[in-house]
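The opening position of the sequence shown corresponds to residue 11 in our numbering, with each subsequent residue numbered one higher. One structure below.
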Amino acid sequence: MIAKRFNSFHIQEYMFNAGQRLSFLYVFLTSIMLSSCSEKVSIDQEYFKREIEALQTTQQKQEYLEAIFKIDQDVRDDSTLILKYDKESPEYSKHYEKMRLVDEMNLQKIEAYLNQFGYPSRDAMSEIALFTPYVVIHHSSTTEDRRRNFPFLKEAYKDGNLSESSFSMYLARWYQMEFNERLDMRGSYKEKDKIRRMLDSLSLSM
Numbered sequence: 011m012i013a014k015r016f017n018s019f020h021i022q023e024y025m026f027n028a029g030q031r032l033s034f035l036y037v038f039l040t041s042i043m044l045s046s047c048s049e050k051v052s053i054d055q056e057y058f059k060r061e062i063e064a065l066q067t068t069q070q071k072q073e074y075l076e077a078i079f080k081i082d083q084d085v086r087d088d089s090t091l092i093l094k095y096d097k098e099s100p101e102y103s104k105h106y107e108k109m110r111l112v113d114e115m116n117l118q119k120i121e122a123y124l125n126q127f128g129y130p131s132r133d134a135m136s137e138i139a140l141f142t143p144y145v146v147i148h149h150s151s152t153t154e155d156r157r158r159n160f161p162f163l164k165e166a167y168k169d170g171n172l173s174e175s176s177f178s179m180y181l182a183r184w185y186q187m188e189f190n191e192r193l194d195m196r197g198s199y200k201e202k203d204k205i206r207r208m209l210d211s212l213s214l215s216m
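Shown next as structure tokens:
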């Protein structure tokens with residue numbers, strides 16, 4: 011699990027520790043879901059705007075991304091608990107809903123970050139911070155989310171800030187979501203060949 015590599019980091023005073031923040035996000039998102047859709051958008055935009063505007067230094071940006079990564083992995087560490095329960099059980103439903111809400115919040119935070127600062131650079135950020143936007147977008151639940159954020163991951167891949175294997179995995183899941191099947195690549199091929207075929211199938215260009 012990627013999270014095992016993430017042993018320690020310092021978060022600015024304006025941020026909660028990872029465990030507290032995870033609980034806060036779940037409560038905050040649940041309360042928002044009970045409000046109207048228009049109110050939800052209004053609250054989210056202001057909330058994320060304040061967070062992003064508070065990031066003045068490279069170190070703050072790195073710690074912000076690392077904190078999001080920790081939250082993403084923590085909620086998935088909990089997923090081992092649902093192996094004890096049937097998919098129709100209340101326990102399973104509760105955990106799945108929590109993970110969905112956390113993923114939704116993380117995606118909106120990452121989109122706000124990318125729109126403000128662009129994809130992080132390998133020269134300036136830690137590996138965890140560099141990986142965070144990709145992992146959050148990869149965990150998004152709709153093809154629309156993936157298409158909306160494709161330009162950021164495309165540029166990250168072209169600039170060397172996202173590996174070929176990660177970019178391919180992102181496209182492969184998107185392909186499966188779009189066509190309800192995995193891409194069938196027969197014979198000998200390179201990863202670039204697979205990427206090119208998925209791009210064509212999804213009507214994307216580099």
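Don't be surprised by glycine CBs; every beta carbon is placed ideally from N, CA and C.
- [ ] Indicate whether the contact test is met: 3 or more Cβ pairs, each with one atom in the segment 133-151 and one in the segment 60-78, closer than 8 Å.
- [x] A contact exists between the segment 133-151 and the segment 60-78.
Task: Nearest neighbour of R207, chosen from A182, E61, Y57 [CA to CA] - done: If we check each option's Cα against that of R207, A182 comes out closest.
TODO: Can you grab the Cα-Cα spacing for the pair Y230 / Y123, in whole Å?
DONE: Outside the modelled stretch of the chain, which goes from 11 to 216, sits residue 230, for which no answer is possible.
Open item on the list: Within the continuous alpha helix (DSSP H) that includes R156, where are the two ends?
Closed with: 153-158 is the span of the alpha helix (DSSP H), which, as asked, contains R156.
Task: M179 in three-state terms, based on DSSP - done: Helix at M179.
- [ ] Would you check if the distance between the CB atom of S176 and the CB atom of E201 is smaller than 8 Å?
- [x] For the pair S176 and E201, the CB atoms are not nearer than the 8 Å cut-off.
Task: Backbone secondary structure at D87 - three-state DSSP - done: When DSSP states are grouped into helix, strand and coil, D87 belongs to the helix group.
TODO: Could you round the C-beta distance between K204 and L193 to whole angstroms and report it? I think they count as a contact, below 8 Å.
DONE: With a Cβ gap of about 7 Å, K204 and L193 count as contacting.
TODO: Kindly list the residues whose CB is nearer than 7 Å to the CB of V146, restricted to its own chain and excluding five residues on each side of it in sequence; keep chain order.
DONE: Once the five neighbours on either side are set aside, the close Cβ partners of V146 are I78, D82, N116, L117, I120.
Open item on the list: Taking the alpha carbon of E61 as the reference point, which residue from S136, F127, K164 has its own alpha carbon closest?
Closed with: Taking only the C-alpha atoms, the option nearest E61 is F127.
Open item on the list: What does the alpha-carbon distance come out to for the pair K104 and Q66?
Closed with: About 37 Å.
Open item on the list: Taking the alpha-carbon of D155 as reference, which of D169, Q69, D113 has the nearest alpha-carbon?
Closed with: Taking each of D169, Q69, D113 in turn and checking the Cα distance to D155, the smallest one comes out for D113.
Task: Pairwise C-alpha distance: Y57 and Y185 - done: Approximately 33 Å, taken between the alpha carbons.
Task: Exposure of K9, with buried meaning 16 or more beta-carbon neighbours within 10 Å - done: Residue coverage of the chain in this structure runs from 11 to 216, which leaves residue 9 outside it and unanswerable.
Open item on the list: Mapping the DSSP letters down to three states, classify A122 as helix, strand or coil.
Closed with: The three-state reading of DSSP puts A122 in helix, counting H, G and I together.
Open item on the list: So, under 8 Å CB-CB, A166 and T68 are touching, yes? Tell me the CB distance rounded to an integer number of Å.
Closed with: That belief does not hold up - the Cβ atoms of A166 and T68 are roughly 17 Å apart, past 8 Å.
Open item on the list: Checking 8 Å against the spacing of the C-beta atoms, do R110 and S151 come in under that value?
Closed with: A contact, by the Cβ cut-off of 8 Å.
Task: Assigned secondary structure, M208 (DSSP; H/G/I helix, E/B strand, else coil) - done: Helix.
- [ ] Report buried or exposed for N171, applying the criterion of at least 16 other Cβ atoms within 10 angstroms of its Cβ.
- [x] By the neighbour-count rule (16 or more Cβ atoms within 10 Å), N171 is buried.
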